[in-house]
Amino acid sequence: MASVLFRLGPINVYTFGFTLSLGFLTATFIAAGEARRRGLSDEELVNAALIIMAAGLIAARAGYVWANWDYFAEHSGEIWQLTAGGLSFHGGLLGGLAGAFIFAQSRGWSFRELADCAALGLALGYALARVGCHGPGRPTAVPWGMAINGMLVHPQGAYAIVVSYAIFVFLWKIRLQTKFRGQLFVVWSIAYGVSRFFIEYFRYGRLWGPFTLTQWASLAMVAGGAYLYRRWEDGPPPHPRPLLTSFTRQEALRWLLGLALLIWFYYAWRG
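Numbers 60 to 330, taken from my numbering, label the letters of the sequence shown in order.
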């Protein structure tokens with residue numbers, strides 16, 4: 060059941076809905092800044108973000124309904140009832156990519172550069188969104204376990220936050236050193252796919268052969284990312300040209316502080 064974060068009169072503001080919105084706004088802000096650095100219109104990027112969000116949400120819900128059709132076939136009235144949660148990240152990703160491709164084609168933009176901007180924002184936005192997503196994990200005895208219904212379970216949402224935040228920091232540091240358009244996107248796709256595949260072992264999911272459906276989708280992301288890397292690596296360089304950057308101790312401390320705050324909110328809002 061979705062938890063209510065606060066109320067605005069008769070309106071319930073749900074924790075996941077709030078963090079999902081915060082994640083989208085943050086992702087848009089980061090992507091717009093990267094678009095501006097690449098000489099693209101940040102205002103047009105915001106328009107692209109709205110299209111990507113709409114297509115992504117519809118596809119995310121459709122993917123979740125498809126994966127759980129045994130239930131929704133008998134409860135069709137709940138198909139678009141989102142207050143109890145139920146979004147497929149991989150479905151949303153496919154919808155978002157379709158929206159991004161259509162937008163890029165209609166504006167004469169490079170889809171690869173748009174995908175780079177989106178990947179940079181998505182990595183951090185996803186970490187923020189997961190702060191409000193407390194799906195139960197498998198039982199555990201680790202000291203950082205989370206108590207749900209009297210049972211200590213793996214905080215698989217916290218694992219996703221840590222990994223996605225780390226991916227964002229890595230992408231942020233290499234964004235000035237990329238050699239071809241689309242590199243940030245394919246690196247994100249491979250890194251997310253690998254991490255999500257292993258995080259699935261800490262949560263319950265219906266098996267489709269040896270793996271869950273999410274694990275199969277994550278493997279497809281890794282394979283697709285590797286294929287696109289080989290296909291795009293000889294393509295045109297990004298705009299502007301790559302620059303060398305360094306990683307200072309002060310920066311590392313700021314990144315760690317940001318991660319610590321996200322993890323604190325994850326546990327605090329669950330309580």
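All C-beta atoms in this analysis are idealised placements derived from N, C-alpha and C, irrespective of residue type, glycine included.
Just so we're clear, the structure is a prediction, and the values are computed from it rather than from any experiment.
Just the Cα atoms here: how many angstroms apart are residue i and residue j?
i	j	result
leucine 15	isoleucine 138	Residue 15 is absent from the model: the chain starts at 60 and stops at 330.
alanine 311	glycine 284	28 Å
alanine 119	serine 248	17 Å
tyrosine 288	leucine 152	18 Å
leucine 116	methionine 210	32 Å
leucine 64	valine 124	25 Å
tryptophan 170	proline 295	The residue asked about is misnamed: residue 170 is phenylalanine in this sequence, not tryptophan. About 13 Å.
arginine 47	threonine 87	In the structure as shown, the chain begins at 60 and stops at 330. Residue 47 is therefore absent and cannot be evaluated.
aspartate 129	threonine 74	27 Å
leucine 146	histidine 134	16 Å
alanine 91	methionine 112	14 Å
alanine 132	alanine 121	13 Å
proline 202	tyrosine 326	13 Å
alanine 200	phenylalanine 257	19 Å
glycine 136	arginine 308	53 Å
Which first and last residues belong to the alpha helix (DSSP H) in which residue i is found?
i	result
valine 201	It is not in any alpha helix (DSSP H) - valine 201 carries neither H nor E in the DSSP assignment.
leucine 65	Looking at the sequence provided, one finds phenylalanine at residue 65 rather than leucine. Unbroken run through phenylalanine 65 is the beta strand (DSSP E), 63-67; no alpha helix (DSSP H).
alanine 118	101-126
phenylalanine 256	242-258
cysteine 192	Note, cysteine 192: premise wrong, no alpha helix (DSSP H); not H, not E.
glycine 154	148-166
tyrosine 263	Careful: tyrosine 263 lies outside any alpha helix (DSSP H) and carries neither H nor E.
glutamine 236	Element bounds for glutamine 236: n/a, residue is neither H nor E.
Sort the options by Cα distance to residue i and report the nearest one.
i	options	result
arginine 197	Arg255, Phe261, Leu153	Phe261
leucine 99	Val72, Arg166, Glu310	Arg166
alanine 114	Tyr123, Gly150, Ala91, Thr85	Gly150
leucine 81	Gly184, Pro202, Phe244	Gly184
alanine 182	Gly204, Arg234, Val72, Gly76	Arg234
alanine 319	Trp231, Ser62, Val222	Val222
tryptophan 328	Pro269, Ala206, Lys232	Ala206
serine 173	Lys232, Ile110, Gly145, Pro195	A quick correction: the sequence has leucine, not serine, at residue 173. Measuring from the Cα of leucine 173, the nearest candidate turns out to be Ile110.
proline 195	Arg171, Asn208, Ser169	Asn208
phenylalanine 83	Ala126, Ala276, Gly155, Pro69	Gly155
On the DSSP letters alone, give me the boundaries of the beta strand (DSSP E) that residue i sits inside.
i	result
asparagine 208	Unbroken run through asparagine 208: none, as it is neither H nor E.
leucine 286	According to the sequence as given, residue 286 is tyrosine; it is not leucine. From DSSP, tyrosine 286 is part of no beta strand (DSSP E) but of the alpha helix (DSSP H) over 272-291.
isoleucine 70	70-73
By Cβ distance below 6 Å, which residues in the same chain neighbour residue i in space, the five residues on each side in sequence not counted?
i	result
proline 297	Thr237, Arg240
leucine 303	Confidence is the limiting factor: at leucine 303 the pLDDT is only 49, short of 50, which leaves the residue's position unreliable and the question unanswerable from this model.
tryptophan 291	Phe239, Gly241
alanine 94	Asp101, Leu104, Cys176
alanine 276	His149
If you drop the 5 nearest sequence neighbours on each side, which residues of the same chain put their C-beta closer than 7 Å to that of residue i?
i	result
glutamate 259	Thr271, Thr273, Gln274
alanine 186	Ile220, Ser223, Tyr224, Phe227, Leu321
phenylalanine 324	Val190
isoleucine 89	Leu179, Gly180, Leu183
alanine 126	Ser147, Leu272
With a threshold of 8 Å on Cβ separation, who are the neighbours of residue i within its own chain once the five nearest residues in sequence on each side are excluded?
i	result
arginine 66	Val72
valine 228	Trp314
alanine 157	Ala114, Ala118
glycine 204	Leu211, Val212, His213, Pro214
glycine 317	Tyr224
leucine 230	Ala178, Leu179, Ala182, Leu243, Val246, Trp247
Practice problem: For the region 207-223 and the region 265-281, state whether three or more C-beta atom pairs, one from each stretch, are separated by less than 8 Å. | Solution: No, the region 207-223 does not touch the region 265-281.
Practice problem: Report yes or no: do the region 103-117 and the region 145-163 share at least 3 C-beta pairs separated by less than 8 Å? | Solution: Contact holds between the region 103-117 and the region 145-163, because three or more Cβ pairs, one in each stretch, are under 8 Å apart.
Quiz prompt | Touching by the beta-carbon criterion (3+ pairs, under 8 Å), the region 274-284 and the region 252-259 | solution = Of all C-beta pairs linking the region 274-284 to the region 252-259, three or more are shorter than 8 Å, placing the two stretches in contact.
Self-check item: Validate contact between the region 191-206 and the region 64-81 using beta carbons, cut 8 Å, 3 pairs
Solution: Yes, the region 191-206 is in contact with the region 64-81.
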